[in-house]
Amino acid sequence: MIISIIAAVAKNRAIGYKNKLLYSIGDDMKRFKALTTGHTVIMGRKTFESLPFGALPNRRNIVVSNSKKHIDGCECMNSINDAIHSCKNEDEIFIIGGGEIFKQTLEIADRLELTHVELDVQGDAHYPAIPSSFQKVASEQHIDDKTGIAFEFATYQK
1 MIISIIAAVA KNRAIGYKNK LLYSIGDDMK RFKALTTGHT VIMGRKTFES LPFGALPNRR
61 NIVVSNSKKH IDGCECMNSI NDAIHSCKNE DEIFIIGGGE IFKQTLEIAD RLELTHVELD
121 VQGDAHYPAI PSSFQKVASE QHIDDKTGIA FEFATYQK
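Each residue of the sequence shown is one higher than the one before, counting from 1 in my numbering.
Structure below.
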């Protein structure tokens, strides 16, 4: 099984503020959907609560939470280890947030699918530093048509 982490990260590593995404970049959302559809996504409770329409369609949704035991359209697990163990027969899973879940899974991840957003923004959730065990293996530079924000799609591999 491949464990992939997917996130949009500002220059100062901010990923969210007050349980909201920091920006809306259409191509980033399309890439997220293309990569994760048909796979399992694992997230923390706060990340789930930030989703505007609940469980993500066409994906197995697992929410790691100590406080929630049932969420419509999702499986609830007490720990990240339980969540990953439940996926042992899958080809690839995606860790989609938030900051604490990223910290807990960065060392066991095989791949990082990051969107590096060329902004410094205020955030109260941050992505951890990328360990030196990861090497960038793909990179695409883009500019968002609507906002003019520059960003890079980057893939890192162990």
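A virtual CB, placed ideally from N, CA and C, is assigned to each residue, including glycine. Treat the numbers as computed from the prediction; the structure is a model and nothing was measured.
Item                                                                          : Value
Length of the line joining the Cα atoms of Ile6 and Leu35                     : 9 Å
Cβ distance (whole Å) where Leu114 is taken to contact Ala154 below 8 Å       : 5 Å
8 Å contact criterion, which Ile3 and Asp110 should meet: CB distance rounded : 5 Å
Candidates Ser86, Ser79, Glu92, Tyr17, of which the one nearest Gly38 by Cα   : Glu92
Cβ-heavy atom distance, Tyr156 to the ligand MN, below 7 Å                    : No copy of the ligand MN appears in this structure; indeed no ligand is present at all.
Three-state class that DSSP yields for His85 in the structure shown           : helix
Closest Cα partner of Gly148 within the set Ser67, Ile96, Tyr23               : Tyr23
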